[in-house]
Structures are given as C-alpha cells and as structure tokens.
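In this note's numbering, the protein residues as written are 1 to 200.
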C-alpha cells in the first residue's frame, strides 16, 4: 500500500515489501527478502545476494549455499549501490530506524541494531553484531564474528579487529579508544627528535 517501485527494479520470489516504501531504479531484491514499512532504498542497491562463503578444497574453492535471507525493518534508509548479503544459516538483519549511506557492504548473518548510522564505504564482515545506536564513519572495516556495543562511535578509516564496548569513541588500526590512539600518534611524531638528541 502506497509503496513506490520505480523502473527497472527486480523483485525475486517470496519477497515481502511493506507500506509507504520507496524503491528507486535498478534495485535488485533477491528471493525471500523481507522489507518493512517506510523503507527507502536508493538506486543500484542489491539485497540478498549469496554470501562470500567458500570451502577450500583440493580442486579449488567450493561455494557453500546461502540458505538465509535479508530482513529490513521499518524506517530504514539504504543509500545507492549498497550490498547486503543473505544469511548462510539465518537472516542478515537491519533493525528499525537505521540509516545507511552509499556504497556500504554488509555481509551474511550480520545484525545491525536500531537507529545505527553507517557512513559511505563501510565494510562489515559476516556474523557481526552491531548493537543499537552505533555510528560507523566512512571506510571503517570490521572483521567477522565480533560485537560492537551500544552507542559506540568508530571514526573514519578505522579497522576493527576485536569486539568493542559500547558508549566510547574508537579510532585507528587496530581500533582503540580515540584519545589514547591520538596520544600514541603524538608520541610517534616525537621519535625523530628523540633519536637526534640521543645522537647528540
């Protein structure tokens, strides 16, 4: 009801789309995806492609079947050219009210909490849990199987290689508490001066 589906959108089998949604041109929605109410999906985004999930066998890589789906809850906005892969054993889920910028990759079986903000070119590996109200700024990379706690903020171009507690600001690679990371950088800049003093 009152959902606008613009030209050249592909909708697979057994897809559910709620009310008052806008699906912009050239969006691809694979089989079994579920989209809630008042969702906006911008041009070129792909929901429900197979997971990047392979078994290394003697004869080469064997792709394992992705049996899950993608669930987009109410009031979610997804930018242009995003890719959200279907789950392997369950659902890849974007919870209510989250906003996703352009060119974001979200891998299989990952759960994005409520009211999260994810900026452009963020990459999130599979089986990751992003709790509610987390902010991920541009080009953040997150490895698989970890949890980022509620209301955490990860600054741009950080690399997250372990679970992070909520309510803090993180920066760098490996990502750490931002103030400590900036102190480390300031200390590193002093190394040439220290070496010159030692030479003298």
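We put the CB at the ideal spot given by N, CA and C, even for glycine.
Practice task
Would you mind reading off the limits of the alpha helix (DSSP H) that contains residue 179?
Solution key: 178-189
Practice task
Measure the beta-carbon distance from residue 68 to residue 98 and round it to whole angstroms, keeping in mind my assumption that it falls under 8 Å.
Solution key: Incorrect: roughly 19 Å between the Cβ atoms, too far for contact.
Handout entry: Whether residue 150 touches residue 133 by CB criterion (9 Å)
Key = yes
Exercise for the section: With a floor of 3 residues, list each beta strand (DSSP E) that falls wholly inside the segment 96-143, ordered by position along the chain. Expected result: none
Handout entry: DSSP-derived helix/strand/coil call for residue 193
Key = helix
Problem - Sheet register partners of residue 5 (DSSP bridge) - result: 23
Problem - residue 81 - DSSP class collapsed to helix/strand/coil - result: coil
Problem - Between the CA atoms of residue 189 and residue 82 - distance to the nearest angstrom - result: 38 Å
Practice task
Can you tell me which of the three DSSP states residue 155 falls into?
Solution key: coil
Problem - Range covered by the beta strand (DSSP E) that runs through residue 52 - result: Unbroken run through residue 52: none, as it is neither H nor E.
Exercise for the section: State the Cα-Cα distance for the pair residue 192 and residue 179, rounded to the nearest angstrom. Expected result: 22 Å
Problem - Sequence-distant residues of the same chain with beta carbon closer than 7 Å to residue 11, five excluded per side - result: 29
Exercise for the section: For the beta strand (DSSP E) containing residue 92, list its first residue and its last residue. Expected result: 91-94
Practice task
Mind checking who residue 57 pairs with in its DSSP beta bridge?
Solution key: 60
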